[in-house]
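Colleague: One structure follows; several queries about it will come next.
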């Protein structure tokens, strides 16, 4: 059914034009053009191989794949999914991530063998009614013909909204928030798991969840995200040549974060 819906014509959520499938090709080319990135952290990087920061920092994930930067129109579409129940955005966002995964260089840890998503706390799941990362992960796994494991992780402690927290505060807030599901340990043994989330900001959430997967027996963990939040410097560099231009998408802004 997911594959049928992904190919079904619909209205593009960005430009409101009629699209022949899950994505509008003109908007994909305009707002989601492939960008050279560091294969370890997904920061924009044209130097080839890992960026200087990843070369000198302790190892993080086996690889990070980000489809787009968290700028408009994605700063509108992703919060609309998360906070306003716009599940019709899922095929669009998942298709972008599938394209990025297929275009990514091979990981030193080998191919991904299993897909899971960053879980929500029970309270957040009751409030929202769905896990946006899980919705995206399910579509991505099916498109890539990989097993999707929605119960690999448990989020046994609610961490609340982390919008106003810096990286150190997020890491502290997320301490021991995740654990491998007791019934998933056998499935995780020796697996290279792709951990899916909607937005990568500081990496604190993904790092904590990834560590729980490793403790559960996974051999390696890669991060797959729809969008990566640019640093303030990146935003300044991107805005400078666009001043006075007409390249900004005409969509209403809604605040959101992850």
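Numbering (UniProt numbering), first residue to last: 1 to 258.
Beta carbons are placed, not taken as given, at the ideal position from N, Cα and C, and that holds for glycine.
Residue range of the alpha helix (DSSP H) that residue 122 falls in?
Modeller: From DSSP, the alpha helix (DSSP H) with residue 122 extends over 122–128.
Colleague: Report buried or exposed for residue 136, applying the criterion of at least 16 other Cβ atoms within 10 angstroms of its Cβ.
Modeller: The residue in question, residue 136, is buried, as its Cβ has 16 or more Cβ neighbours within 10 Å.
Colleague: Could you give the distance in angstroms between the alpha-carbon of residue 75 and the alpha-carbon of residue 230?
Modeller: Near 12 Å, if we compare the C-alpha coordinates of residue 230 and residue 75.
Colleague: Give the DSSP-derived three-state secondary structure of residue 70 in the structure shown.
Modeller: Coil at residue 70, not helix or strand.
Colleague: Put residue 13 into one of helix, strand or coil per three-state DSSP.
Modeller: Three-state DSSP puts residue 13 in coil, outside helix and strand.
Colleague: Which word fits residue 200, buried or exposed, when buried means at least 16 other C-beta atoms lie within 10 angstroms of its C-beta?
Modeller: Counting Cβ neighbours within 10 Å, residue 200 comes out buried, since at least 16 surround it.
Colleague: Can you give the beta carbon distance from residue 63 to residue 40, rounded, assuming they're within the 8 Å contact cut?
Modeller: Correct: roughly 7 Å between the Cβ atoms.
Colleague: So, under 8 Å CB-CB, residue 101 and residue 144 are touching, yes? Tell me the CB distance rounded to an integer number of Å.
Modeller: Going by Cβ atoms, the distance from residue 101 to residue 144 rounds to 7 Å, so yes, they are a contact pair.
Colleague: What is the DSSP secondary structure of residue 218, counted as helix, strand or coil?
Modeller: Residue 218 falls in the coil class under three-state DSSP.
Colleague: Among 13, 50 and 61, which residue has its Cα nearest to the Cα of residue 225?
Modeller: Among 13, 50 and 61, the Cα nearest to that of residue 225 is on 61.
Colleague: Given residue 104, which residues of its chain have a CB within under 8 Å of its CB, disregarding the five upstream and five downstream residues?
Modeller: So the qualifying residues of the chain are 39, 63 and 65.
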